[in-house]
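For reference, each letter of the sequence shown is one residue, going 1 to 171 in UniProt numbering.
Backbone N, C-alpha and C define an ideal beta-carbon position, used for all residues, glycine too.
Because the structure is a prediction, the values reported are computed rather than measured.
Notes for the one structure printed next.
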Amino acid sequence: MALPIFDSALRGLNFVFLVIVLGLTGSLIAGQDHKNPQVNFALFAAVFGLVLNSFYGLIANFVSFLAWPVILFIIDFLNLVFTFAGATALAVAIRTHSCTNQDYLDNNNVAQGSTDRCRKAQAVVAFLYFSFFVFLGTFAFSAVGLISGGAFGSSSKRSAPKTGIPTISTV
C-alpha cells in the first residue's frame, strides 16, 4: 500500500513549505507600516495548512479512527482553495515587478519602499504556489481514498460468501 507513504511524504514536504511561508509572512507583518490584508490572509492560509494538513493529516495516516476519508477530503479541499487564494491575492498585490525599481517599491502597499519586503513577498508567493501544488497531490490522494473507501472508510474486508462448502482457507 504505497498511497499512505506518498501522502505522508507530500504532507511532510508541505510542512516545510508552510513553515517557510509562516516565517516570511510573520516577518512581513512585524515590519509593516500599514495593514496589508493580503499578507494577513497568506499568514492565515499557512497556519490553517499547518494545523489541519500537516498535523491532522499526518496523524490520520497512522491513527485509523481519525482517518475518515470525507474529513480528509474536505480539509484538503479547503487547504487547496485557501493556499491558491492567498498566493493569488498576494501576487496581485505585489504586481510582480522588479524589486530594484524604487518607483515601484514606493508605490506598492506590500513592499512599502523596501527591497527586502519586496523579495520576501515574492518568496511567499512562490512558496504558497509550491504548497498549492502539493495540496493538489494530497487532494488527489484524498479523493482516491474517498472513492475507494467510502465517506467514513471501511474497516471490514469482503470475504468469500458462506455457502456451506469448505474452501481451502477453512480446511
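Helix, strand or coil for Asp-33? Go by DSSP, reduced to three states. By 1-based counting over the sequence shown, the position of residue 33 is 33. Coil at Asp-33, not helix or strand.
Taking just the CA atoms, how far does Gly-31 sit from Ser-156? Translated into positions along the sequence shown, residue 156 becomes position 156. Translated into positions along the sequence shown, residue 31 becomes position 31. Reliability of the predicted coordinates at Ser-156 is poor, the pLDDT of 46 falling under 50, and the value obtained from them is presented with this limitation in mind. Straight across, the Cα-Cα distance linking Ser-156 with Gly-31 is about 55 Å.
Reference Gly-23, options Ala-91, Ser-142, Phe-44, Lys-35, closest by Cα: On the sequence shown, position 23 is the one that residue 23 refers to. Checked all of Ala-91, Ser-142, Phe-44, Lys-35; the closest Cα to Gly-23 is Phe-44.
Assign Arg-11 to one of three DSSP states: helix, strand, or coil. In the sequence shown, counting from the first residue as 1, residue 11 sits at position 11. DSSP, reduced to helix, strand and coil, places Arg-11 within a helical segment of the structure shown.
Run through DSSP, which three-state label would Ile-94 get? Numbered from its first residue, the sequence shown carries residue 94 at position 94. DSSP places Ile-94 in helix when its eight states are reduced to three.
So, with DSSP's three-state summary, where would you put Asn-107? Numbered from 1 along the sequence shown, position 107 holds the residue referred to as residue 107. In this structure, Asn-107 counts as coil in the three-state DSSP scheme.
Measure the C-alpha to C-alpha separation of Ala-123 and Thr-25 and round it to an integer number of angstroms. Residue numbering aside, residue 123 sits at position 123 when the sequence shown is read from its first letter. Residue numbering aside, residue 25 sits at position 25 when the sequence shown is read from its first letter. Rounded to the nearest angstrom, the two C-alpha atoms are 10 Å apart.
If you check the beta carbons only, do Thr-138 and Asn-53 fall under 8 Å apart? Here the question's residue 138 lines up with position 138 in the sequence shown. Here the question's residue 53 lines up with position 53 in the sequence shown. In this structure, Asn-53 lies closer than 8 Å to Thr-138 by Cβ.
C-alpha gap between Cys-99 and Leu-18, whole angstroms: Locating residue 99 in the sequence shown gives position 99, where the first residue counts as 1. Locating residue 18 in the sequence shown gives position 18, where the first residue counts as 1. The alpha-carbon atoms of Cys-99 and Leu-18 are separated by roughly 23 Å.
Looking at the structure shown, is Cys-99 part of a helix, part of a strand, or coil, going by DSSP? For the purposes of this step, residue 99 is taken as the residue at position 99 of the sequence shown. Coil at Cys-99, not helix or strand.
When the Cα atoms are used, what is the spatial distance from Gly-49 to Ser-142? Here residue 49 refers to the residue found at position 49 of the sequence shown. Here residue 142 refers to the residue found at position 142 of the sequence shown. Taking the straight line joining both Cα atoms gives about 15 Å.
What are the boundary residues of the alpha helix (DSSP H) that includes Ala-60? As a working note, residue 60 is residue 60 in the sequence shown. Per DSSP, Ala-60 belongs to the alpha helix (DSSP H) from 58-62.
Cα separation between Cys-118 and Leu-90? Looking up residue 118 in the sequence shown gives position 118. Looking up residue 90 in the sequence shown gives position 90. Straight-line Cα distance between these residues: approximately 11 Å.
Would you mind stating whether Ala-87 and Tyr-129 have Cβ atoms separated by less than 8 Å? In the sequence shown, counting from the first residue as 1, residue 87 sits at position 87. In the sequence shown, counting from the first residue as 1, residue 129 sits at position 129. Yes. Within cutoff.
Can the beta-carbon of Ile-94 be found closer than 8 Å to that of Ala-126? Counted from its first residue, the sequence shown places residue 94 at position 94. Counted from its first residue, the sequence shown places residue 126 at position 126. No, the pair does not count as a contact, with Cβ atoms beyond the cut-off.
Please name the residue in Gln-38, Thr-83, Gln-102, Ile-71 whose C-alpha comes closest to that of Val-134. Counting from 1 along the sequence shown, the entry for residue 134 is found at position 134. If we check each option's Cα against that of Val-134, Thr-83 comes out closest.
Quick one: grab the DSSP three-state call for Ala-87. Within the sequence shown, the letter at position 87 stands for residue 87. Assigned with DSSP and collapsed to three states, Ala-87 falls in helix.
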